[in-house]
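Have a look at the structure below before the remarks.
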Amino acid sequence: MAAVGAVTAIAGIGVSAAPAAQADPSYKNCSQAHADGRYNIPRGDAAYAPKLDRDNDGLACEPY
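Those letters in the sequence shown? Residues 1242 to 1305, by the numbering used here.
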């Protein structure tokens, strides 16, 4: 019976809720993205936003 209790205790150790997603995961501007080391953020990435893609080529916050 002790083994059943141990298995239950071990099984419950890794259970946790997933962190809440940010409401707006994109950066406020490219300076903020660059400070975080992000360049060439592709369309489809959670950090991509059309406002960060000046030439509308699908890459935001290009280094030029």
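Note that CB positions come from ideal geometry on N, CA and C, so glycine has one too.
Quantities reported herein were computed from a predicted structural model and do not represent experimental measurements.
Next item on the list: Drop a sphere of 10 angstroms on the beta-carbon of ALA1290, count the other beta-carbons inside from all chains shown, and report buried for 16 or more, exposed for fewer.
Entry: buried
Note to self: On a Cα-Cα basis, can you pick out the residue from PRO1304, ARG1279, GLY1299, ALA1276 that is closest to GLY1285?
What the structure shows: GLY1299
Next item on the list: Measure the beta-carbon distance from ASP1294 to ALA1288 and round it to whole angstroms, keeping in mind my assumption that it falls under 8 Å.
Entry: 11 Å between Cβ atoms; not a contact.
Check: Is the distance from the Cβ of PRO1304 to the Cβ of TYR1280 below 8 Å?
Finding: yes
Item checked: Beta-carbon proximity check, ALA1276 vs ILE1282, cutoff 8 Å -> no
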